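Protein chains in written order, with our numbering: chain A, 249 to 710; chain B, 389 to 725. All C-beta atoms in this analysis are idealised placements derived from N, C-alpha and C, irrespective of residue type, glycine included. Please read these numbers as outputs of a predicted model, since none were measured by experiment. Each remark here refers to the structure printed beneath this line.
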């Protein structure tokens with residue numbers, strides 16, 4: 249592997265790892281804020297215990313998101329200096345604004361919330377968790393504005409050997425971000441919902457009397473929250489895919505394994521390509537379905553990989569490959585959509601059982617919800633794989649190729665070393681994080697009002 | 389003043405804020421294993437920065453983001469050039485950041501000990517390396533006509549930059565001791581005050597070595613002559629006044645003057661750097677400056693509007709967070725959740 253491949257691998261590894269934690273931060277911050285709002289309005293102590301218990305898990309996850317995020321802030325300059333030089337005029341601004349507008353807000357108010365239970369008036373304390381949640385989600389907005397520029401460059405002009413911003417409003421109202429941002433935020437909510445459902449299900453299965461009320465309430469809130477969110481994820485995702493057909497047809501063709509253009513286009517249920525990923529070997533398809541999904545009507549051409557390659561050669565230069573890794577794009581898309589619909593089904597069944605008041609007794613369903621905790625993680629990761637892999641060979645669509653973006657003076661040996669080191673520390677931290685989430689999650693909430701620091705009594709004997 | 393200069397100043401301010409705030413965080417992280425004889429003592433010491441370290445670190449992240457936005461070439465050259473040094477800093481910050489949250493999640497003393505070491509190393513390593521990095525910025529590094537760094541990791545570990553690193557580290561430790569003398573009570577406060585008094589003289593010695601090294605290695609100092617100007621002299625005076633105030637046991641004033649020392653030292657640094665943002669030791673013509681490294685005026689205008697509105701807001705609520713947690717921390721009542 250050369251320095252470029254290693255730099256790509258490192259970016260993929262550190263970004264995917266970072267995004268294991270981010271969606272839960274986005275969604276759970278809001279959910280915890282909702283729980284605390286219930287407490288504020290009803291004064292029912294069970295909501296305070298809920299806020300504290302889920303808040304504790306939130307904090308463990310949040311720490312991981314923060315520290316892995318610093319790597320990303322630096323990595324553009326470290327591994328992608330040519331990209332930073334060429335795109336910095338546009339791409340740097342949303343990153344700087346994200347730090348100034350969101351990171352300060354998120355970190356400051358989260359700390360105030362966390363340490364401030366007995367130090368602030370109740371209303372101000374409630375406001376601080378909402379501000380932290382708002383900060384987290386604003387941070388998602390700015391980083392997605394930056395990413396959307398890479399998908400669909402707008403508001404720029406090519407000048408002085410680089411891309412320069414010439415319309416900030418166009419940059420921040422990028423049509424791509426209008427679909428991408430809601431998709432990511434609602435996926436975060438779904439992640440939080442299934443996180444809470446999985447852990448609640450585990451406790452409900454144990455059938456401990458003192459936790460029954462606590463976890464059935466959590467279960468109900470999470471089901472409603474999750475169901476609303478997953479419906480939105482799918483609806484927005486649909487618009488997003490339609491937008492992709494329009495702006496990044498190659499990504500869609502790869503995601504569909506559509507080698508030849510079709511009108512009307514059929515939807516692939518399963519496609520197996522040849523080794524080079526250039527020809528279809530076998531596939532099962534639903535006629536007209538892809539046209540319907542793309543244009544909301546039964547016909548309309550969806551372009552295939554080969555036609556698009558010819559088109560791009562004409563626009564961007566002959567003799568270069570404009571085809572992303574097809575198999576990875578295709579299977580990522582299916583993993584994401586498949587997990588999404590599975591979650592929709594689970595959330596719908598959950599709501600049905602709640603309405604029938606049978607969810608605590610349906611052991612089979614509760615058992616399914618525990619491994620279902622992995623579904624949002626699969627969907628989140630696969631979604632980003634499609635978004636980033638499907639854009640290749642471009643780092644910024646149509647403007648700069650990934651191979652031209654890498655730091656020329658960072659050697660393969662240096663990247664290999666950093667990749668090994670990051671992998672090692674991330675591996676260790678993943679074990680610790682899962683262990684802690686598991687232990688705190690299984691331990692359940694404290695039994696009385698004071699859940700402050702239930703590890704403290706143990707310490708005295710230790 | 390044109391926009392490039394304004395952004396040079398703003399980025400300087402972000403770094404100054406970062407070193408003022410995170411300086412005592414690093415000091416606290418380094419001192420915790422020594423000032424805290426027992427686990428509850430260490431817990432109390434670390435809890436003094438519990439609600440603050442993350443937001444303090446955001447100053448650095450914002451400085452990095454602002455460099456990217458306002459001076460993309462500075463960001464690209466620095467971050468790709470100092471690659472391995474930054475990897476080490478990142479690994480240290482990752483371990484340290486999770487350690488603050490994870491250490492109290494288990495009662496097992498062994499567990500807490502491990503994380504305390506992560507906090508110690510995670511504070512010591514960047515506390516040292518930031519100084520090394522800044523030393524290299526002003527001392528100059530091999531940079532070619534394409535603005536790319538052509539040296540290697542070991543080029544960065546030159547005597548001058550190592551002196552900068554050690555001086556920075558010494559200053560952060562004293563800053564941390566002074567912070568703890570204000571934020572703790574009882575036996576911890578006693579120990580922090582005693583340590584601050586003992587640390588002052590060594591910090592002065594290291595600073596004198598740095599001052600001498602400046603004249604030995606850095607061209608601009610030899611050019612300005614024995615009278616380097618009012619700001620560097622004020623820096624020295626501020627550090628000397630810390631000695632007076634710790635002797636008089638006025639720790640509030642000591643902390644303020646220590647903070648002022650950090651601020652003025654960095655003002656000196658940026659003052660002497662200007663208009664360069666990176667000095668090339670290969671050829672002066674290859675220096676990165678505020679004009680050849682910057683973004684377009686349009687981007688700088690947008691960023692200025694954003695900064696004018698949000699920087700004061702951030703200062704207000706971050707300041708308020710120090711007010712909320714203004715009480716001294718004791719072993720019996722650490723700051724916790």
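Helix, strand or coil for residue i? Go by DSSP, reduced to three states.
i: residue 632/A; result: helix
i: residue 705/A; result: For residue 705/A, the predicted model reports a pLDDT of 34, less than 50, meaning its position is unreliable; a value from the coordinates is still stated below. It is helical.
i: residue 477/A; result: helix
i: residue 698/A; result: Because the pLDDT of residue 698/A is 44, which lies under 50, any placement of that residue in the model is unreliable, and the question is left without a value.
i: residue 602/B; result: helix
i: residue 521/A; result: strand
i: residue 640/A; result: coil
i: residue 506/A; result: coil
i: residue 710/A; result: For residue 710/A, the predicted structure reports a pLDDT of 31, less than 50, and the residue's modelled location is therefore unreliable. The matter cannot be settled from this model.
i: residue 407/A; result: strand
i: residue 691/A; result: helix
i: residue 668/B; result: strand
i: residue 607/A; result: coil
i: residue 636/B; result: coil
i: residue 683/B; result: coil
i: residue 659/A; result: coil
i: residue 294/A; result: helix
i: residue 647/A; result: coil
i: residue 406/B; result: helix
i: residue 398/A; result: helix
i: residue 581/B; result: helix
i: residue 494/B; result: coil
i: residue 678/B; result: coil
i: residue 713/B; result: coil
i: residue 459/B; result: coil
i: residue 643/B; result: helix
i: residue 531/B; result: strand
Can you list, in chain order, the residues of its chain with a C-beta nearer than 6 Å to that of residue i? Leave out the 5 residues immediately preceding and following it.
i: residue 401/A; result: 644, 647
i: residue 666/A; result: none
i: residue 398/A; result: 644
i: residue 541/B; result: 472
i: residue 495/A; result: 400
i: residue 702/A; result: In this prediction, residue 702/A has a pLDDT of 37, which is less than 50 and means its spatial position is unreliable; nothing more can be read from the coordinates.
i: residue 489/A; result: none
Going along the chain, which residues of its own chain have a beta-carbon closer than 8 Å to the beta-carbon of residue i, five neighbours each way excluded?
i: residue 701/B; result: none
i: residue 650/A; result: 252, 256, 640, 641, 642, 643
i: residue 610/B; result: 603
i: residue 635/B; result: 585
i: residue 527/A; result: 507, 521
i: residue 266/A; result: 313, 316, 317, 319, 320
i: residue 663/A; result: 251, 254, 255, 258, 327
i: residue 468/B; result: 536, 537
To the nearest whole angstrom, what separates the beta carbons of residue i and residue j, a pair I think is in contact under 8 Å?
i: residue 515/B; j: residue 567/B; result: With a Cβ gap of about 14 Å, residue 515/B and residue 567/B do not count as contacting.
i: residue 517/A; j: residue 533/A; result: 6 Å
i: residue 310/A; j: residue 723/B; result: Contact doesn't hold; Cβ gap of about 18 Å is too wide.
i: residue 485/B; j: residue 315/A; result: 4 Å
i: residue 629/A; j: residue 308/A; result: So it is not a contact: roughly 20 Å between Cβ atoms.
i: residue 462/A; j: residue 297/A; result: 6 Å
i: residue 461/B; j: residue 676/B; result: 6 Å
Could you name the residues of the same chain whose beta carbon sits closer than 7 Å to that of residue i, not counting the 5 residues immediately before and after it, in chain order?
i: residue 393/B; result: 678
i: residue 623/A; result: 442, 587, 590, 591
**alpha helix (DSSP H) runs wholly inside the segment 441 to 499 of chain A, at least 4 long, in chain order** = Segments of the alpha helix (DSSP H) lying fully in the segment 441 to 499 of chain A: 457 to 495.
**Request:** Scan the segment 549 to 603 of chain A and note each continuous beta strand (DSSP E) run of 3 residues or more that stays entirely inside, going in chain order.
**Result:** none
**Message:** Under 8 Å: do the segment 310 to 325 of chain A and the segment 660 to 675 of chain B share three or more Cβ pairs, one atom per stretch?
**Reply:** With a cut-off of 8 Å on Cβ pairs, the segment 310 to 325 of chain A is not in contact with the segment 660 to 675 of chain B, counting fewer than three such pairs.
**Message:** My parser needs the beta strand (DSSP E) runs of 3 or more residues fully inside the segment 523 to 547 of chain A; what are they?
**Reply:** 528 to 534, all fully within the segment 523 to 547 of chain A.
**Item:** the segment 630 to 637 of chain B in contact with the segment 485 to 493 of chain B per 3-pair CB rule at 8 Å
**Value:** no
**Asked** Is the segment 546 to 554 of chain A in contact with the segment 461 to 479 of chain A, if contact means three or more CB pairs nearer than 8 Å?
**Response** no
**Asked** Does the segment 430 to 449 of chain A come close enough to the segment 273 to 291 of chain A to have 3 or more Cβ pairs within less than 8 Å?
**Response** yes
**Asked** Just checking, does the segment 352 to 369 of chain A make contact with the segment 331 to 342 of chain A on the three C-beta pairs under 8 Å criterion?
**Response** With a cut-off of 8 Å, the segment 331 to 342 of chain A and the segment 352 to 369 of chain A do not count as touching, because too few Cβ pairs lie within range.
**Request:** Could you list the residues in the segment 463 to 478 of chain B with a C-beta less than 8 Å from some C-beta on chain C, going in chain order?
**Result:** The structure shown contains no chain C; its protein chains are A and B.
**Message:** My parser needs the beta strand (DSSP E) runs of 3 or more residues fully inside the segment 256 to 337 of chain A; what are they?
**Reply:** none
**Message:** Quick test of the definition: if touching needs 3 or more C-beta pairs under 8 Å, does the segment 654 to 662 of chain A touch the segment 600 to 611 of chain A?
**Reply:** With the cut-off at 8 Å, the segment 654 to 662 of chain A and the segment 600 to 611 of chain A do not touch.
**Request:** Assess, as a yes-or-no matter, whether the segment 645 to 662 of chain B is touched by the segment 432 to 442 of chain B under the definition of 3 or more beta carbon pairs within less than 8 Å.
**Result:** Short answer: they don't touch.
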